[in-house]
Amino acid sequence: MVPIEHYLVLSAVLFFIGVLGVFVRRNAIVIFMCIELMLNSANLAFIAFARHLDSMDGQIFVFFVMTVAAAEAAVGLGIIIALYRNRETVNVDDINLMKW
Amino acid sequence: MDLITLSIMLLKIIVVFIAMLLGVAYLTWLERKVLGHMQVRYGPMRVGWHGLLQPIADGIKLFFKEDIVVANANKVIYVLAPFVVTVCAFASFAVVPFGNELTIFGQTIPLRIADVNIGILYIFALSSLSVYGLTFAGWSSNNKYALMGGLRASAQMISYELPAGLSIIGVLMLTGSLSMVEIVNAQKDLWFIIKQPLGFILFLICSVAECNRTPFDLPEAESELVAGFHVEYSSMKFALFFLAEYAHMIVMASLVTTLFLGGWHLPFIDISSLHPTTLIGQLVVSLLPICVFGVKVFCFLFFLIWLRATYPRLRYDQLMKFGWKVLFPLALFNIVLTAILQIFNLL
Amino acid sequence: MEAILFYGLAAIMVVSSLMVILRKNPVHSALFLVLTFLCLAVLYLLLNAQFIAAIQVIVYAGAIMVLFIFVIMLLNLESEVASKSSHGLQKFWAMAISIVLAISFVSIMTVRVFTGGKGDFSPEAVNAAGNSEVIGRLLFTEFLLPFEITSVLLLAAIIGAIVLAKKKL
Amino acid sequence: MLSLTIDEREVDVKEGATILEAAEAAGVYVPTFCYHKRLMPFGACRMCVVEVEQMKGRLVPSCSTPATNGMVIHTNTAEVRKARKTLLELLLVHHPLDCPVCDKGGECKLQDLVYEYELTENRFQDSKFGYPVDYYSPLIERNTNRCVLCGMCARVCDEVVGVAAISFVDRGFKTVIGTNFERVLNCEFCGECVNICPVGALTDKLFKYKARSWELKKVNTICSYCSTGCTLTLGIKGNSIYRIIGDDTIGVNKGSLCAKGRFGYQYITSPERMNSPLIKNEAGELVRVTWEEALERAAKGFTEVKEKRGAEHIGGICSDRLTNEEVYLFQKFMRAALGTNNIDHAGGFSYSGLLKGFKSSLGYAANDITLNDVRCADVIFVVRSNLSETHPVIGYQVNMAVKRDESQLIVASDKTIKLNKLAAVSLTHKPGTEIVLLNGLIQAIISENLYDKELVSSSTEGFEQLKAKTARYGFDYVEKITGIKEDKIRETARLLSQNKKVCILVSAGLGIISDDEKLAQAVANLAMLTGMVGRKGSGIGFLGEKCNSQGTLDMGALPHLLPGFEEVSDEKARNAFEEAWKTSIPSQPGQSALEMFEGAEKGSINALYLVGENPVVSYPDTAQTIKALESLDFLVVQDLFLTPTAKCADVVLPAASFAEKSGTYTNFERRVQKLNCGLNKLEGVKTDLEIFGELSLKMGYEMNTSTPDEVMKEIGTLVPLYTEVNYSRLGEEGIVWGSPNGGKETTLYGEKLSKVKARFIPVEVDEAMLEPDKDYPLLLLVGSVLFHSGSLSTKSPELDQVGPGGWVAMSMEDARDYQLTDGQPVFVRSKRGEIALKVKINKKQTKGTVFIPYHFESQPVNTLTSKDLRPTFVEIRKG
Amino acid sequence: MIGSIIKHIWALLCGLRETLWYFLKTTILGKPITLMYPEEKWTPYPRFHGLHKLLRDDNGKEKCVACCLCAAVCPAQCITIETAENENNEKYASSYQIDISRCIFCGYCVEACPVGALLMTGEYELAEYTREGMLYNKERLLRE
Amino acid sequence: MAGESSGKKKVVEKEITPEEWGEIDQIIADHRDKPGSLIPVLQQVQDICGFLPEEVQNRIAEGLDVHPSYVYGVITFYSFFTLVPRGRNVVRLCMGTACYVQGTNKMLGKLKQNLGIDVEETTEDMRYSLETVRCLGACGLAPVMVVNQDTHGLLNIDKAIEIVKEYE
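Chains as they are written, first to last, in numbering that gives the first Met the number 0: chain X, 0 to 99; chain B, 0 to 346; chain W, 0 to 168; chain S, 0 to 878; chain P, 0 to 143; chain F, 0 to 167.
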C-alpha cells in the first residue's frame, strides 16, 4: 500500500510542472495543456484522498472536474482557433492587445 | 493467482490472439470473395483452392515489401502510429465474452479473457485511443492526403462514438451493469435486439462508421485521398493498419453480438442449463456457445461486406450531418423511450 | 506489486509531463500529455476508481486531447522559438516554484495532517456494489444539484465553443 | 505606274507588268503550273485564269495578260474556281495517282491544288498513258506519265541553262516532254528541270525513294564549289543530306544550281572520309590515334622544328575552301603561335592574278561587279573563261542576259565553247595569246580615240607609257599572233567603249602558262581605258575557282599580306595586329607556296602544315612535289580524305566538310555569306576552326575565340573591310564588303575611281614560248570541267558517273592525224613524265592542243607539268 | 416526411436485396463474367485495335509502297520506315518498324495507308521481356 | 512514244548519199545565223532526202546551233515532217468529222488492206505511204483524200482505190 503522501507529492510535482509550463511556454495551446495537467494533478489528489478516506466524494469531484475540463477545453480551443484566425499566431506574447 | 490460472489465462490470450489473426486473414479473403460474387466475379482463385492461401500470400508479400520511411516524416510518431492502432484493436477483445464456460478436467474456465465490471467503457476507451493512431499516421506522414485522411478518421470516430455510446445506454439501462458478461446473461431469454430495435439500428450504423467501412469509409476515400492516412505506409506498417482495421471489424461484430444479439446464447434454448454427463457432451455444451458466437459474428461481418458491395460512399458533410443531426437525437430519444418504458415496467 | 507499479508510473508521469513543457513541438507535448493521462488512468485503477479511470481515458485521452491535437494540426503550428523575454521570468518562476515545492514536500512528508475519519465506502464495499453503480447513485442523489448545474455548464460551453469557432454564424 | 484593283486590293505596278505580277505585288495568291519568275510567260496551263471586269465574258490568263490602268480583277470567283477545277480534273484524267510512291508527294503543286480545290472525284475517265519511264538517265529520272505539260523544264533548260536538252515532242494527246529520239539524257545534269518541275515527272535520282519531303529539315547554306557563292537548300534527315535544292527566293543564284552544287554532295557521307586522326609510327605507317595524341604530336613536331631551326623554317598552306574564319585563324596560328609569315593558299595559283594584277593596277585585290551587273550588262566580254563549265550559274546569267535582254556577248577563247553560240562577236584566238589580243584591243581603242579621256586624265597614271608600249600591236601583228581579223577587233573595241554597262569576265587558273597576273593587268588596262571601273553596273569579274578564293585573300593567307590587305612590312598595320594578338609578327614577308616547296628541297623549310591542300595531285610537277614533301622533317596534313599528300604526312587530322560547320564564304562579288551548319560532325572529326584553336592551345598560344561568331567579331575589329560583317547582319543575301548598304551605293573603287589611284601597267608576253617543240607538238591545257572541280567532287560517285575521269580531249583534226578514235587508250608524254589516258574527241577543241582535267587522282596530269610557269607541250602515242 | 423516410429506407433495402441476389446467383449457379485469362482467351471484337499487320497482295508481294504516310500521321511517331528501290524500279520499304511500346493504337496509320497495306489485328498479347521485343520489324509485321 | 512506235512499224532502210549531204550542208550554211530558220531548213532537207533521219537532224542542230532535242520536237510536232522514208506517193485520208461520217473509216480499212500497210507506213516498193489527217478544210467534198498535192473529193471506196492506183 503506497502511502497517500506519495500520491500527494506526485500530484504536487505534476501541478508545479504545469505551473512552470504555463509560465515558461509562449504557445497558447501548450499553456492550455499545462492547465489540463494541473487539473489532472488535482484529480489525482482527489482520488488519493477518496481512497485514503474511504469516501466517494473525491471521485464525484473528479467527475465534475472532468466535466469542467471538457467544457473548458471546448471553449478554450475555440478561443485559440478564433485568435489564430485573426492574428495568425498562437504566441501569447504577440497577443497582447485587449482588442483588435 | 495460482500457476494453473495464470497459464490458462495465457493460453486464452494466445488462442484468442491467433484466432483474431486468422480471423482477420480470412476476413480479407472472405471480403474479396463475397465482393467478387456480388459483382459477378470470382474473387481470388489462383493461390490455393479458390484462393484460400491468398491471405498468406498477401501476408508474405507485405512482409517482404520494402519498408519505406518517408523522408520528411516525423519518424517516431510515424512508426508509433500503426502500433497504437493495432494494439487498441486487439486489446479491445479482452473483455468480449465469446462463450460461457469450459469445464474440462475439473477446471472451469470462463471463455473470456477478463471480466471487468466496466467492460463496455473499456472498449470505448480503447476505441477512442485508436483515434490517435489514425491521427498520428496522417499527421506524421507529412503528406496532405494522409493528413486529410487522418483528420477525417479522427473526426468521424469522435462524432460516431457519441451516438454509439448513447445508443447502448438503453441496453445498459436494461442490464443495469457495464459488464459484458452481465449484458450477455441478461439476454438469456430475449435478445436486446427485440427490446432495443432502435438502439440496435443506431449502434449498427455507428459501428460501421467506427470501423471506417463503406459507406462511411471517408478516411481512406481512394478517389479523393488516394489511400487516406496510411498512404505513405508500406510493408509491415501498412500490414498493421490493415490488421487493425479488420480486427476492429471483428471487435465491433463481437460487440454487436454481445450487446444486441445475445452473445453466445441460442434463441429459445438455454445452453447453460444443459448439464450433460459425458465428457464429449460437456465439451459440446462448452464449445457450442463459441460456435453460436462465431456464427453471429460471421453474420455481422458478412453484413458489413454486403454493405460495402451495395452502397456508395457518403459525402463528408453528409456523414457529419447524419451523425450529429440524425443519430444523436435518435439515440437520445431511445434513452428517453427506454427510461419511460422501464418506469412503466413495460420492458 | 502495487508499489512498483506506482513508482514506475510516477516516474513516467513526471518525466513525460516535463517533456510536455520542454518539447518545442506542440504535437510532441500533446503526445506526452496523453501518456501522462494514460498513466494517471492506471493510477486511478490502483486507487480502486475503475469508473474514473475509464472516464479518464475516454474523456481526457479520447476526447479532450484529441481536440487539442486536432487544433494543433489544424493550425499547423511551427515549433516554438524560445523567446528571450521569458528567460529572466523563467529563472524567477523556477526559483519561486522550487521554494513552494520544497515547502509543500516538507509539509506533506512531515506534517501528517491527512488523518481523519474513514467514510463508508471502503474498497470492499464499493467493489461489492460496483464502482460505477456507487458513483451513479451518489450523482443522482447527493450530488444531483451539481450534476444538473454541470449540464448547464456543458450547454454553455457547447454554445460558446460554436460561437467562438464558427467563422460565420 | 499602273494602278489596278485585285480582289478589292489597290495595287500599283510598273508599266508592262502582267496581271499575275500585279497580283503577286498585291499579295493575292493565284495558282499556276507553267509560270515561273525566272522564265518568260508561257500560258500553257490556264490555271492562272482570272476574271477581269473590263473583259467580261471570258476568263483571261493572268500570267500573260498585261495589266492596264484601272483594271478590276477577281481571282477567286465561283466561275474562276469552276474553270480551275475543271482544268484539274482534265489533268487528272491521265495523271497516274501514284502519289504514295512519287517523290514529289508532299510538295507537288498538282497535289496541293487538287487538295485546295477539293477535287474528290473526276467527271472524266480515260485510260492512263503508260509511257515507259526513263530509269536510265544518270541523276535524273523522267516519268512522262506524271507530266502536266507545263513546259517549265524545257523552258528552264533553254532559257536559263541554255542547253535545251529536253523539249516538247510529238503533238496533240501524245505530246510529251522528251529528249532527242527518246534517248537517255545527255546534258549538263544541272537538275534545274528537276527543281522546277511542279509535279513528279522529273525527279532527282539520288533522292529517289530515299525520304519524303516533309521529313526533311531544310538548311540554307553556301555551295562549296566555285566562287559564285550559290545558296543551297540542304534537305536533311537524320544526319545525312538527302538532296540539295535551290530556293528561288534567296541567294545570288535565285534558285539556280549546277550539277556540282546540286548532285555533288555525296563526298560528305563518303565512306572514304577519315574519321580519326592518324600518326606515322616508327615503321612509317599511319595509325589511328586519339585527337589528344595527334594534336600533341603535331604541336611537338612544330615546336621541335621551331626550336631547332627557327620559325621561318615552318610553312603553312591552306586551301581556299576554308571559311573566312578558318583562314583567319590559320594565318593567326602561323603568325602568332608559330611566328612565321610562310603562309600561302592554293599553291599560290588561285586568284594570284587578281591579287597581284588588280592590286598593282587598281589598289584592291577584288572585283567590283555583282552577278546582277552581269545579268543587266549591255556588253559582256568573256576572256579566257569557259564560264558554263567552271561557273555554270554565272553562265546561266550570261545566257539570260543575252537571250532575254539582248546583251551583246563577246567571247574571246582559244576553243569553241558553249557561250560561242550566244556570242555577238566570237574571238577564237590561238592558245595563249589573250594578252596580245587585249593589247591589240587597247591599241585599237586608243587609235580610234574611243577611250574615256576624262577618266584617264583625272584618275589614272601611266597612260602615255601604255600608249607607247601597245603601239606595236597593230591589227596585222595581232592577226598574225592571235588569228583574229581586224574587223572583229574593231567591232569589239567599239562595243566595249561605246556602251554604258560593260562587264569583263575572266576565270582564274585556266592558263596554259601562269600569266594570270599579266592578264589581270591587261584586263585592268582595258577596263580603265574604257572607263568601266568606277562606273556603276560595269567592271571586271575575275572568277576564282574555289568557293572562298576571295575570302582567303581578304583574310591574309599570304606571305606578305595581313588580313585586310595590310602589308606585313607596314609597321603600323603590323603593330595593330601584334597588339590584338599579344605577340610579335615577323616583319619580313614569308615564302610563297612554290618557294616553300623549293625551300623544302633545299632545306630552308623543314615543317609544313597543309590544310585542305593536296599538292601531290594539284601542284605542277608531281615528282618534284613528292620529293619536296619527303625531304621535310615534319608534315601535318588536315583534310577530309586520306589524299596522296596525306599519305606522306607525319600527322593527319580529319576535318569537317562545309555542311558540318558554320562560318562565312566570300564569293567573287565580295559578298560575305553565311554557311549554316546542317549536319552534326562525322564521328571523330573536328572543324578546322576547332583544330586550329586546340592546336594553338597546345603550342601555348590561346586564341580566345572558339566559335565562328567570335572569330568574325575579332576579324571585324581588326579588318576595316569586314567591320560591317557580323553574323546578326548577314541575312540570306549576305553583305558585300566595301559597299555600304549591300552594294547599292557605289562600286568598290568609287565613282570615277575616286577611292583609288589607278595605274596603267603595260604588259607584254613572250610569244615565242608558245611555239611548239618538235618532239612535243601538242600544247597541254589543264583545268576544271563541268562536273568536277577540285578533288572533292571526285569523291561523289554520282558525279563521277556523269563525268568520269581518265581522258584527254583532242580536236577532230589532231585525232585524224594521229589516227585515234574516241575512247582509244593513249599515253601522253611530256619532258617530265608520262600518263595513260583515253582519248575523247572534242569537236570544239582547237587543233594543236589537248585538254586534261586536273582533278583526278587516277590521272595525275601534274606529272606532266612544270613549275617554271611556262607552257607544257606533250606528245601522244597509242597505248 | 415519414413517408419519404420509409421510401428512402426501402430503397436502401432494395439495394441490399439486389447485391444479395447477385451473390446467391453467382455462388449457386456459378457463372461469373470473369474470364480466367491465360486459360480462357478473350475474343476481340472485329474492329479491335490490336497489333499491326502488313499485308501482302494476291501474288504474295508486300502491298506497302513505302509512302511514309503512316509514319507522318502517327501521333506517337512510333513508325520508322526506310525506303529503297527494288529491281523493278518500284519503291518498297527496306525497313519498316513499329515501336509497339510507343504505339497508342489509334489506327490513324491504317486510315492513312493509301494502298491498304496496313491492318490492325486482334492481337493483344503484346507483353515482352525486353524493349527490343517491342520493336516489330517488317518480317514480324508481315507474319501470317 | 514516237521513237518506240516507229520500231514496230515496217521501216524501209534508206541511206543518205554524199551528194545529199552536200546539199544539206549547203542549206544549213544558207540559213545559219538567221533566227527562226529551222522549219524552212527542215522543209528543204526533207525535200532532198524524203525524210529526216537522226544523223540529218544532228547535222542540222549542230549547224544551226540548236539542241537536237529541239529539232526532234519540231519534227514530231509537224505531221508534214517524217522520221522514216516515205513513199513516192503520200496518200492522206481525211478523218475529220464530215469525212468520217461519210465513211472514210471504212475506206481507210480497205486502203490498208489493198496496200498491205498500216497507217504511217510505206509499201516496200516505196510507192505509197498511207497517212491520216484531221481536216483538210474541204468538208463540202467529204469524203476527201489527198494524194501528193491532188485533192480528191466525193469519194467512195472503189473510187478511192482507183485513184490511188493511178499514182506510180
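Positions of the beta carbon are idealized from the N, C-alpha and C atoms, including for glycine.
None of the values given here were measured: they were computed from a predicted structure.
Out of curiosity, what's the CA-to-CA distance linking residue i and residue j?
i: K484(S); j: I851(S); result: 29 Å
i: Y135(P); j: I97(P); result: 5 Å
i: G6(F); j: K127(S); result: Caution is warranted here: a pLDDT of 41 is assigned to G6(F), below 50, making its placement in the model unreliable, and the coordinate value is therefore given only provisionally. So the alpha carbons of these two residues sit roughly 22 Å apart.
i: L11(P); j: S91(B); result: 31 Å
i: A1(F); j: Y99(F); result: Because the pLDDT of A1(F) is 38, which lies under 50, any placement of that residue in the model is unreliable, and the number read from its coordinates should be weighed accordingly. Taking the straight line from one Cα to the other gives about 25 Å.
i: G832(S); j: T369(S); result: 42 Å
Once DSSP output is grouped into helix, strand and coil, what is the label at residue i?
i: P2(X); result: coil
i: K417(S); result: helix
i: M144(F); result: strand
i: Q38(B); result: coil
i: D203(S); result: strand
i: H151(F); result: strand
i: G0(S); result: Before going on, a small fix: residue 0(S) reads as Met here, not Gly. It is coil, neither helix nor strand.
i: T35(W); result: helix
Is the Cβ-Cβ distance between residue i and residue j less than 8 Å?
i: Q442(S); j: G473(S); result: yes
i: A52(W); j: Y59(W); result: no
i: Y107(P); j: C63(P); result: no
i: L53(P); j: Y95(P); result: yes
i: V412(B); j: T257(B); result: Because chain B in this structure spans residues 0 to 346, residue 412(B) falls outside the shown range and cannot be described.
i: I156(F); j: M106(F); result: yes
i: F202(B); j: V255(B); result: yes
Just tell me which of the options has its CA closest to the CA of residue i.
i: A101(W); options: I3(X), A11(X) and Y6(X); result: A11(X)
i: T174(B); options: V162(W), V33(W), I3(W) and E132(W); result: E132(W)
i: E447(S); options: E478(S), K429(S), A492(S) and I480(S); result: A492(S)
i: L504(S); options: K217(S), T227(S) and T848(S); result: T227(S)
i: K879(S); options: F872(S), S586(S) and K500(S); result: Because chain S here runs from 0 to 878, residue 879(S) falls outside it and cannot be looked at.
i: S506(S); options: V401(S), I625(S) and R383(S); result: R383(S)
Residues of chain S with CB under 8 Å from residue i, in chain order?
i: S68(F); result: A163, A164, I165, S166, V168, G177, T178 and N179
Whose Cβ in chain B lies nearer than 7 Å to the Cβ of residue i?
i: G31(P); result: According to the sequence as given, residue 31(P) is Pro; it is not Gly. Those are V39, R40 and Y41, listed as they occur along chain B.
In chain X, which residues lie with their C-beta within 8 Å of the C-beta of residue i?
i: M12(W); result: L9 and L13
Just the chain B side, please: which residues come within less than 9 Å of residue i by C-beta, in chain order?
i: I131(W); result: First, the residue type needs correcting, since residue 131(W) is Ser and not Ile in the sequence shown. Result: N116, I117, L120, S176 and L177.
Who are the neighbours of residue i on chain S, taking C-beta pairs under 7 Å?
i: L140(P); result: The contacting residues do not exist; L140(P) stays about 18 Å from chain S at best.
I want to verify the contact list: residues of chain W whose CB lies under 9 Å from the CB of residue i, in sequence order.
i: A352(B); result: Here chain B comprises residues numbered 0 to 346, so residue 352(B) is not present and cannot be evaluated.
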